[in-house]
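Take the sequence shown: its position 21, counted from the start at 1, is 433 in this note's numbering, and no numbers get skipped.
Built from N, CA and C at the ideal position, the CB exists for glycine as well.
This report refers to the structure that appears directly beneath it.
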Amino acid sequence: SSISFLKFNYIFNKLIFINIVSNKKVKFYFIVLFSFLLFSCNSKTNFNEEKETIYHMLKKHYVGFSEMKKQGFTKEAWKKVSNYDEIKNLFDKCINDTHLSINNNNGFEYKQNQVFDKDSIKSDDPYPTFIKKTTSNTYYLRYNSCNINWPDYANFPNLAYEALKYDYIVLDFRSNSGGGNGQQYEFFRNLYVENYKGKIFVTQDNWSYSAGEVWIMASQFKDLLDLTLIGTHSGGAQIYGNCVNYEENGIFFYLPSTSFANNLPENYLGEGKGYEPDIWANKENMKSKLESLGLDLSGIEFN
């Protein structure tokens with residue numbers, strides 16, 4: 413431990429001071445060298461302990477661990493890792509998951525990269541934002557959170573009954589970081605059960621993640637409801653979900669506990685790439701593109 417190291421270093425330096433008084437310069441350099449070696453050994457020990465912790469936590473809590481092993485995450489490969497960069501390289505090879513993240517207080521952080529569209533523009537709406545507006549023919553709902561403990565989102569399924577009498581429904585989920593998606597399923601199910609015959613437009617952008625990528629639920633009703641996806645690519649965090657936070661030995665983990673790999677729509681392009689929209693638009697031209705399709709969006713702004 414670091415305490416044992418400090419105690420040993422103090423005693424050693426004191427002995428050196430007592431016994432090597434004939435040459436102060438030799439004594440100084442010897443102490444510096446030995447202290448450096450002790451520090452290096454201690455750092456190496458800490459890194460190895462972190463490696464053990466990371467391996468243990470992934471094996472115990474990460475739903476994608478078996479898939480990692482198929483991609484080459486073996487004990488032999490892990491033993492060869494000697495620094496943080498090598499950890500990242502091995503993870504890049506063996507992990508396909510933009511939900512997962514690992515970091516410590518020493519500056520190490522691992523999270524997989526995302527592809528961004530050059531014309532995608534993040535929403536300026538504060539978090540969380542809920543807006544409900546109606547016009548002559550359109551029922552508009554704006555959600556930028558899928559937090560199931562948020563009363564406005566918990567009520568989402570019930571709003572389907574209000575939307576039934578409108579020709580168009582706009583579900584604006586741009587820049588939604590996710591949460592739970594059961595409410596979305598119930599919303600679409602209610603529309604189907606009530607025999608809704610209008611057109612539904614689902615919006616997204618590069619910052620729509622996880623449950624904020626509504627298409628994973630909407631696609632299940634693609635042949636039952638008239639659904640159109642509009643925006644840019646979504647964030648692409650779909651293969652795994654239901655993440656749990658852990659802290660172990662000063663390392664912080666955000667690990668998915670459920671796999672959705674077998675339930676992904678055909679237009680999902682992969683982690684970090686998201687869903688391909690039917691109509692390309694960003695927040696600057698989304699309103700005009702929807703209006704060109706016959707929607708009355710009077711008083712509605714896509715911030």
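Practice task
Could you tell me which residues DSSP puts in a beta bridge with glycine 359?
Solution key: Any question about residue 359 goes unanswered here, given that the chain covers just 413 to 715.
Practice task
Can you say whether glutamine 596 is buried or exposed, counting buried as having 16 or more other CB atoms within 10 angstroms of its CB?
Solution key: In the sequence shown, residue 596 corresponds to position 184, counting from 1. Looking at its Cβ environment, which holds 16 or more other Cβ atoms inside 10 Å, glutamine 596 is buried.
Exercise for the section: Go ahead and pull the three-state DSSP assignment for asparagine 654. Expected result: Numbered from 1 along the sequence shown, position 242 holds the residue referred to as residue 654. Strand at asparagine 654.
Handout entry: phenylalanine 542: first and last residue of the uninterrupted beta strand (DSSP E) it sits in
Key = As a working mapping, residue 542 is identified with position 130 in the sequence shown. Secondary structure note for phenylalanine 542: its beta strand (DSSP E) is the uninterrupted segment 542-546.
Practice task
May I ask you to report which of helix, strand or coil DSSP gives threonine 465?
Solution key: Within the sequence shown, the letter at position 53 stands for residue 465. Residue state, collapsed to three classes: helix.
Exercise for the section: Output yes or no for whether 8 angstroms exceeds the beta carbon distance between isoleucine 581 and tyrosine 551. Expected result: Position 169 of the sequence shown, counted from the first residue, corresponds to residue 581. Position 139 of the sequence shown, counted from the first residue, corresponds to residue 551. Yes, these two residues count as a Cβ contact at 8 angstroms.
Handout entry: lysine 505 to glutamine 483 span [Cα, whole Å]
Key = The residue given as residue 505 occupies position 93 in the sequence shown. The residue given as residue 483 occupies position 71 in the sequence shown. If I take the Cα positions, the gap works out to 7 angstroms.
Handout entry: Classification of glutamate 606 by the beta-carbon crowding that lies within 10 angstroms, buried from 16 upward
Key = The residue given as residue 606 occupies position 194 in the sequence shown. By the neighbour-count rule (16 or more Cβ atoms within 10 Å), glutamate 606 is not buried but exposed.
Exercise for the section: Name the one or two DSSP bridge partners that serine 513 has. Expected result: Translated into positions along the sequence shown, residue 513 becomes position 101. Note: serine 513 sits in a beta bridge opposite Tyr666.
Handout entry: Alpha-carbon to alpha-carbon, tryptophan 692 and phenylalanine 672
Key = Numbered from 1 along the sequence shown, position 260 holds the residue referred to as residue 672. Numbered from 1 along the sequence shown, position 280 holds the residue referred to as residue 692. The alpha-carbon atoms of phenylalanine 672 and tryptophan 692 are separated by roughly 26 angstroms.
Exercise for the section: Examine the Cβ distances between the segment 623-634 and the segment 662-670 and report whether three or more of them are shorter than 8 angstroms. Expected result: With the rule of 3 Cβ pairs closer than 8 angstroms, the segment 623-634 does not count as touching the segment 662-670.
Exercise for the section: Give a yes or no on whether the C-beta atoms belonging to glycine 647 and alanine 623 are separated by under 8 angstroms. Expected result: Locating residue 647 in the sequence shown gives position 235, counting from the first residue. Locating residue 623 in the sequence shown gives position 211, counting from the first residue. Taking 8 angstroms as the Cβ cut-off, glycine 647 and alanine 623 do not qualify as a contacting pair.
Exercise for the section: Go ahead and label proline 668 buried or exposed: buried means 16 or more other beta carbons lie within 10 angstroms of its beta carbon, across all protein chains shown. Expected result: As a first step, residue 668 must be located in the sequence shown, where it is residue number 256. Result: buried.
Practice task
List the endpoints of the continuous beta strand (DSSP E) containing lysine 685.
Solution key: Along the sequence shown, read from residue 1 onward, the residue named residue 685 stands at position 273. No beta strand (DSSP E) contains lysine 685, which DSSP labels as neither H nor E.
Handout entry: Own chain partners of histidine 473 with C-beta closer than 8 angstroms, once the 5 adjacent residues on each side are dropped
Key = Indexing the sequence shown from 1 puts residue 473 at position 61. So the list reads Val656, Tyr658, Phe665, Leu667 and Ser669, once near-sequence residues are dropped.
Practice task
Using beta-carbon positions only, say whether alanine 566 and asparagine 602 come within less than 8 angstroms of one another.
Solution key: Locating residue 566 in the sequence shown gives position 154, counting from the first residue. Locating residue 602 in the sequence shown gives position 190, counting from the first residue. Taking 8 angstroms as the Cβ cut-off, alanine 566 and asparagine 602 do not qualify as a contacting pair.
Exercise for the section: Just mark threonine 457 as buried or exposed, buried being the case when its beta carbon has 16 or more other beta carbons within 10 Å. Expected result: By 1-based counting over the sequence shown, the position of residue 457 is 45. The C-beta of threonine 457 has fewer than 16 other C-beta atoms within 10 Å across all chains shown, which makes the residue exposed.
Handout entry: the segment 679-695 contacting the segment 554-569, beta-carbon criterion three pairs below 8 angstroms
Key = no
Exercise for the section: Could you check the C-alpha separation between isoleucine 560 and phenylalanine 568 for me, to the nearest Å? Expected result: Your numbering for residue 560 matches position 148 in the sequence shown. Your numbering for residue 568 matches position 156 in the sequence shown. Taking the Cα positions, isoleucine 560 is about 10 angstroms away from phenylalanine 568.
Problem - Closest by C-alpha distance to glycine 476, when choosing among Asp509, Lys530 and His468 - result: As a working mapping, residue 476 is identified with position 64 in the sequence shown. Among Asp509, Lys530 and His468, the Cα nearest to that of glycine 476 belongs to Asp509.
Practice task
Work out the CA separation of proline 540 and glycine 706 for me, nearest whole Å.
Solution key: Translated into the one-based positions of the sequence shown, residue 706 becomes position 294. Translated into the one-based positions of the sequence shown, residue 540 becomes position 128. The straight-line gap from Cα to Cα measures roughly 29 angstroms.
Handout entry: Option in Ile466, Leu512 and Glu688 with minimal Cα separation from valine 493
Key = Position 81 of the sequence shown, counted from the first residue, corresponds to residue 493. For valine 493, the nearest C-alpha among the options comes from Ile466.
Handout entry: Residues of its chain near lysine 699, where Cβ-Cβ distance is below 6 angstroms and the 5 sequence neighbours each way are ignored
Key = Position 287 of the sequence shown, counted from the start, is the residue given in the question as residue 699. Within the same chain, lysine 699 has close Cβ partners Leu709 and Phe714.
Exercise for the section: Please classify glycine 716: is it buried, with 16 or more other beta-carbons within 10 angstroms of its beta-carbon, or exposed? Expected result: Summary: the structure shown does not reach residue 716, with the chain confined to residues 413 through 715, and so no result is reported for it.
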